[in-house]
Structures are given as C-alpha cells and as structure tokens.
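Colleague:
Numbering (the numbering used here), first residue to last: 1312 to 1426.
1) Consult DSSP for residue 1350 and reduce its assignment to one of helix, strand or coil.
2) Please state whether the Cβ-Cβ distance between residue 1396 and residue 1380 is less than 8 angstroms.
3) Since residue 1373 and residue 1357 are thought to touch, with beta carbons under 8 angstroms apart, how far apart are those beta carbons, to the nearest angstrom?
4) Give me, in chain order, the residues of the same chain whose beta-carbon lies closer than 7 angstroms to that of residue 1378; leave out the 5 immediate sequence neighbours on both sides.
5) Take the Cβ of residue 1425 as the centre, count every other Cβ of all protein chains shown within 10 Å, and call the residue buried at 16 or more, exposed below.
6) What does the alpha-carbon distance come out to for the pair residue 1318 and residue 1389?
7) Which of helix, strand or coil does DSSP assign to residue 1333?
Pasting the structure below:
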C-alpha cells in the first residue's frame, strides 16, 4: 500500500488505514459473516516508513485472513540503518519480522544514520 504523503507519520497512517481497508471491502460485517460461515476473518496490513528507507510485506494484498504469517521487511537507504519498528511487534529492533495476523496491524519502520 502506498500511503499518501499527508499520511506518512504513524498516527495519521492509523487514521488513514481503516478507510483503505474499508475500500477493499474488509469490514466488521464481512468478518462477522466470515465467522458465521466458518471462515477466518480478514485483517488489514498497513506498513509505513519515515524517511531514509522503505518497508514491505510478503502478501499479495494489504490484507490477509486471520492466522496468516506475514513477513515484514525494513530496507534502509544508503548511509542509513534500520532503527526500530513502531507498532505491535515483540522484536522492535529486528528489520525482518514475522507477524501472526490476528487483527488489523499498523507498523512503521524508522531509520537512522549509520554509526
């Protein structure tokens, strides 16, 4: 997902993300119907970054069914290094993490000058 420039900080991305998820027809009603039908809910994966690097995930879309293992990778620009993740991860200092998708997930990767 490409987050518009006005939504590059984590808090704005968290506000923007539900609108994008809704536009992908992922809603509480859809997830309720999935549960009634015996199917797992679908959750959004929103990854953003500050300056000096990029972040990506290994899913085809910016959403997946509950329980999907999603690998998220932070890649620094030249002369920079990964700093940390902002969001619900246990190892905030690892640039490659795997998340067991259990809810809409918002992550931001941050970078700093190499030391």
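Virtual Cβ for every residue (Gly too), placed ideally from N, Cα, C.
Modeller: The structure says:
1) In the structure shown, residue 1350 sits in coil (DSSP, three-state: anything other than H, G, I, E or B).
2) Contact check for residue 1396 against residue 1380 fails: the beta carbons are separated by 8 angstroms or more.
3) At roughly 7 angstroms, the Cβ-Cβ gap stays under 8 angstroms, so residue 1373 and residue 1357 are in contact.
4) Answer for residue 1378: 1351, 1411, 1412, listed in chain order.
5) Taking a 10 Å sphere around the C-beta of residue 1425, we find fewer than 16 other C-beta atoms and assign the residue as exposed.
6) The pLDDT assigned to residue 1318 is 41, lower than 50, so where the model puts this residue is not dependable, and the model offers no usable value.
7) With a pLDDT of 45 at residue 1333, under the threshold of 50, the modelled position of that residue is not reliable, and the figure given next carries that caveat. Reduced to three states, the DSSP call for residue 1333 is helix.
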